[in-house]
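Take a look at the structure below.
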Amino acid sequence: MSSPEETPDGIGAEEAAARGESFGNEEQDGEDQQEGDPWVSQHQDGDMKRAAAQLIEKYYFQLTNGCGNPHCDNPNCVSSGKIGPLSSNEAAGKALQLFATRARLCEVVGAKVARSSQSLTLSSGVSTASAQGHTSSESTATCSLVRDVNMAGALTPSTPLPPLSPQVDGSSKTPGLTEKTLSLTIAECHSSNNYAKLRRLLWAVFSNEVALRHSFLRSPDSEERSDNSLIGFKSLDNSRVQSKEELRALERDLDKDLDCAEVVCVGEGATSSCEGNEKDKDESQCVKDASLPSTLDISEVRRAYAALFECSEAEFGSTLMNAIVQLLSDSLSIQLRAHRDAFTAIPNNINIFIILLESPALNTTDFIEIVMPKMCRTISQLPEKDQALLTRHLASWEGTRLHRLLESLHQLITIKLLTTEFSRDFTINDEDSITSATQVMKLLFYASILGGELDTPLLKDIPPEESSIESMPLHDDPFLGVSGAGKDWAARAPPKDSLGTELGVHVLDARTPLVPLAEFYDDFLSDQLEMDRDFAYYKAGSGDKFSFLNYPFILTAATKALGLYYDNRIRMYSERRISIYQQVMEGMPANPYLKLRVRRDHIIDDALVELEMVALENPGDLKKQMVVEFEGEQGIDEGGVSKEFFQLIVEQIFNPDYAMFCLNNETQTFWFNPNCFESDAQFTLVGIVLGLAIYNNVILDVHFPPVMYKKLCSKPGSFHCLRDWNPTLYRSLVELLEYEGDDMEDVFMQTFRVGYQDVFGTSLTHDLKTDGDNILVSQSSKHEFVELYADFLLNKMVERQFRAFRRGFNMVTDDSPLANLFRPEELELLVCGSQHYDFLELMKSAEYDGGYTSETAIVQAFWELVHDMSTEDKKRLLQFTTGSARVPVGGLARLKLIIARHGPDCDRLPTAHTCFNVLLLPEYSSKEKLKDRLYKAIKYSQGFGML
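Under UniProt numbering, the first residue of the sequence shown is numbered 1, with each subsequent residue one higher.
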């Protein structure tokens, strides 16, 4: 910033030199600052020195250049005419004396720009342009006390000073940039073919928080309201500096004013859960409530930027960028660390960040590399109330524009990952540019939800369990902190995020966001992240270390699944230690595992009975590692036996003979049978099976509609969930909604009584409203009808069965971070795996053992056969080698298949260790023999034995 080419035209050499001396190390200091810790020892000294240097510099320029006010009466200002010209050394010595005595300091108007961003210093170019666009009263300069530093305790220059306190506007109007001022300046520079004045103007405004805060205000009345909101400052004696107690009192008053007057509704983009439903639109509008600072004219900001960037960027680009860097690193960053409450209490501060985010240069490479890290760091230090205002502004953007900003943040993260040398002591979690970019990305994440189509707001959780519904008795587990008997495992509210709460929206409310939520994944970051270390920071929860698991939207489902795996394994190891402790100290028999001994022909009866016994006696045992033994078989469960157990039990649970679930022939998905004769306990046990599969890292071949996983995440099903649950019904209801004729009652003849069939084909009816058979659906009630109908089908009709199912699921996963990390679509991927069978990925990631390599003839023949297989045969091969026909989260590359030599040519079939994904393949003499043996092996692959 102190190099000659970075100094805007019109700034003297002395000023540039002073800048270099005072602020040479400032940018580096900003790089090292950590969020949320303003008084740490490593930054305190630097902040104090910087504050003193800036103040002494102002005294120096007051003595040499003056404040520019012809009516100045300050005896220590050259503009008053009461002091004669001073040499540089004399002025420097005098400045130190004034600093020591806390002498009066003028507010600079129209003078040359000093580097300090704490006082408003518009250059002569600004003064001239402002005079043309403002009244004479607006251009009158007034002297005021310095409010940059609280000097209450500074008796000598060596006395330590606190960091800069926020600059609060005085009673006089502070000139800021307007579209008219900028246009006049551009026109003048264009006519003279000299853009020095434009550069001075941009530097004066964009390097100064007060000037930028007062730029592009909506109207004079709005500006007056902004000034009047500064309660107490006008009545303060201008001959002294405020004490700390006065500042605190002002902060409280300003907070009260901001609560009442800082936001207004603008009503952009709200969409109800049913198109055209006016009632739901009003509710969605209240949820989104796109609140923006009422004094900022966004359209003027955009017009001003458009006019500016019509000029050649070479004429002003570097000046603008350097001014913003100075603003962010020298002024805002320090104030947000040291005086966060006082700074954020000043009205219209959020205008600064909105103006910066509106810049067309936001997505350029230079801006991303130079400005974006500091901008992200500063925005991440804002309180959530201001972050919510910024999020609402971003929600008003178009989806394509929001996506470009998201790509810029991804690019910044990638650049930092590639150019930063990480070590054991300095990891990705310690890189401030990456972590702050992730925090800003969170604002974009909620803006995408808020600005898109919202589902029914998540205002209701699952209602309390009625006494008529069966409840499984539970007992305490003192080691896991489980509640007493009667804990309602089915009634768990979805996790809340503080920013989402401030915005009045939940992640589960997203139906069609502005930017698809999958676009927020950063694949490169997910691959480079040390999940074991990040998980440790996540579990510590102290805030000393940044954890990306607290920002799960940026991590791929595969990376989050690894974090969940660590969590589950730690719990399993904890259960083992507890079991050993009980054996040694209390003499109890050691039981470190959840052991299930089942018969293959009676697997459903044996498994559910044993699980029921565990759930009744000690539900904490469900958190132990599961070990399965098939009666009469020699297999030892190292993971493969459990995989086959889950496969077989799922096949039996969804068998039509049990009639617990109904199959939708159109979508080939299963749903709860509302008229099932099975008890709630059976559904609870099915939920336990699903939870155990996730807990033991096993993928299931289940076929539930997406609304099932949405309900497991505590979000009730709604009308749009019918699209995947029953497409035919959904299309018919959409036709009803889209019909605009006045004769709807005669055309559709639909009442609020609906009919349906149970699994046995019996026709049943249900009244959606009291006396529904006598109430015809009309134009005014059609939206109410489809919502009530969807609520009945997806929620009320299966409430008893689903509550029991969810109760069992939560008995296993209640202490897991599952709900915090995974959205419904990711939970489905975690349970069912991917449907993308890319065997090229499997071949590239395969490893070889026993003498085989990728160049071995029999190995090459094997892969040729695999690529020629049908999809069903490929699934059988996966089932044979890994114990599951499903693709894990992250793709087949994560399987790490090992092909090992199993002796020379022979007639034996290939075998597999499904626990370790190892295929034992003899070195057959020909490709034809390999094909014959391999196809027989994958066709008859059930059962376990000892090799």
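Just so it is clear, CB atoms sit at the ideal spot from N, CA and C, and this is done for glycine as well. This structure is a prediction, so every number in the text was calculated from the model and none was measured.
Task: Coarse secondary structure for Glu-453, derived from DSSP in three states - done: strand
Task: Nonlocal neighbours in the same chain, by C-beta distance under 8 angstroms from Glu-612, ignoring five residues either side - done: Ala-681 and Leu-685
Open item on the list: Considering only their Cβ atoms, is the gap separating Gly-850 from Arg-908 smaller than 8 angstroms?
Closed with: no
Open item on the list: Which same chain residues end up closer than 6 angstroms to Lys-931 when comparing Cβ atoms and leaving out the 5 residues on each side of it in sequence?
Closed with: Leu-865
Open item on the list: Check for me: the beta strand (DSSP E) holding Thr-765 runs from which residue to which?
Closed with: 763–767
TODO: Would you kindly work out how many angstroms separate the C-alpha atoms of Asn-655 and Ala-804, rounded to a whole number?
DONE: 19 angstroms
Open item on the list: Whole angstroms are fine: how far does the CA of Pro-383 sit from the CA of His-867?
Closed with: 55 angstroms
Task: Helix, strand or coil at Ile-938 [DSSP, three-state] - done: helix
- [ ] List the whole-angstrom C-beta distance separating Arg-753 from Asp-773, where the pair is believed to meet the contact cut-off of C-beta under 8 angstroms.
- [x] 4 angstroms
- [ ] Within 10 angstroms of the Cβ of Gln-757, are there 16 or more other Cβ atoms? Answer buried if so, exposed if not.
- [x] exposed
- [ ] Look at the alpha carbon of Gln-625 and the alpha carbon of Asn-618, and state the distance between them as a whole number of angstroms.
- [x] 15 angstroms
TODO: Look at Thr-295 and Arg-218 and say whether their C-beta atoms are less than 8 angstroms apart.
DONE: In contact: Thr-295 and Arg-218 (Cβ atoms closer than 8 angstroms).
Task: Beta-ladder partner(s) of Asp-670, from DSSP - done: In the sequence under discussion, the amino acid at residue 670 is Phe, which differs from the Asp named in the question. Answer is Leu-663.
Open item on the list: What would DSSP say about Leu-155, mapped onto helix, strand or coil?
Closed with: Only weak support exists for where Leu-155 lies, its pLDDT of 30 falling under 50; the coordinates are left without a value.
TODO: Could you spell out the range, first to last residue, of the alpha helix (DSSP H) harbouring Gly-691?
DONE: It spans 680–695 - the alpha helix (DSSP H) in which Gly-691 sits, taken as one unbroken run.
Open item on the list: Let's see if you can read the secondary structure: which residues bound the alpha helix (DSSP H) around Ile-368?
Closed with: Counted as a single uninterrupted DSSP element, the stretch harbouring Ile-368 is not any alpha helix (DSSP H), since DSSP gives it neither H nor E.
Open item on the list: Can you confirm whether the segment 661–671 touches the segment 697–713 when touching is taken to mean that 3 or more C-beta pairs between the two stretches lie within less than 8 angstroms?
Closed with: Segments in contact, yes.
- [ ] Pick helix, strand or coil for Ile-379, following the three-state DSSP scheme.
- [x] Correct three-state label for Ile-379: helix.
Task: Through-space distance from Val-650 to residue 948, alpha-carbon basis - done: For the chain, the structure presents residues 1 to 947; residue 948 sits outside this window and is missing.
- [ ] Please report the residue range of the alpha helix (DSSP H) in which Ala-857 lies.
- [x] Taken as a continuous stretch (DSSP letters only), the alpha helix (DSSP H) holding Ala-857 covers 857–868.
- [ ] Using the DSSP secondary-structure output, state which residues sit across from Ser-834 in a beta bridge.
- [x] Val-887
Open item on the list: Tell me the residue span of the alpha helix (DSSP H) that contains Ala-92.
Closed with: Per DSSP, Ala-92 belongs to the alpha helix (DSSP H) from 88–100.
Open item on the list: Whole angstroms are fine: how far does the CA of Pro-516 sit from the CA of Arg-401?
Closed with: 13 angstroms
TODO: Figure out for me which residue from Ala-52, Asn-69 and Ser-80 has the closest Cα to the Cα of Gln-97.
DONE: Ala-52
TODO: Apply the 10 Å Cβ neighbour rule to Pro-552 and answer buried if 16 or more other Cβ atoms are within range, or exposed otherwise.
DONE: buried
TODO: Report buried or exposed for Gly-84, applying the criterion of at least 16 other Cβ atoms within 10 angstroms of its Cβ.
DONE: exposed
Task: Neighbourhood of Lys-643 by C-beta, 7 angstroms cutoff - its chain only, sequence neighbours within 5 removed - done: Val-698, Gly-883, Ser-884 and Thr-914
Open item on the list: Whole angstroms are fine: how far does the CA of Cys-67 sit from the CA of Trp-203?
Closed with: Those two C-alpha atoms are separated by around 18 angstroms.
- [ ] Name the residue from Pro-347, Tyr-305 and Phe-353 whose alpha carbon lies nearest to the alpha carbon of Leu-332.
- [x] Taking each of Pro-347, Tyr-305 and Phe-353 in turn and checking the Cα distance to Leu-332, the smallest one comes out for Phe-353.
Task: DSSP state of Tyr-658 mapped onto helix, strand, coil - done: coil
Task: C-alpha gap between Cys-376 and Lys-442, whole angstroms - done: 11 angstroms
Open item on the list: Could you check whether the segment 440–455 touches the segment 500–520, counting it as contact only if at least three pairs of C-beta atoms, one from each stretch, sit closer than 8 angstroms?
Closed with: yes
TODO: Would you kindly check if the distance between the Cβ of Leu-776 and the Cβ of Thr-813 is under 8 angstroms?
DONE: no
- [ ] Identify the continuous alpha helix (DSSP H) that holds Gln-647 and give its terminal residues.
- [x] 640–653
TODO: Assuming Gly-687 contacts Arg-571 (C-beta within less than 8 angstroms), just tell me the rounded distance between them.
DONE: Not confirmed; about 18 angstroms, so no contact.
TODO: Could you tell me which of His-71, Leu-712, Lys-496 and Asn-76 sits nearest to Tyr-60, measuring between CA atoms?
DONE: Asn-76
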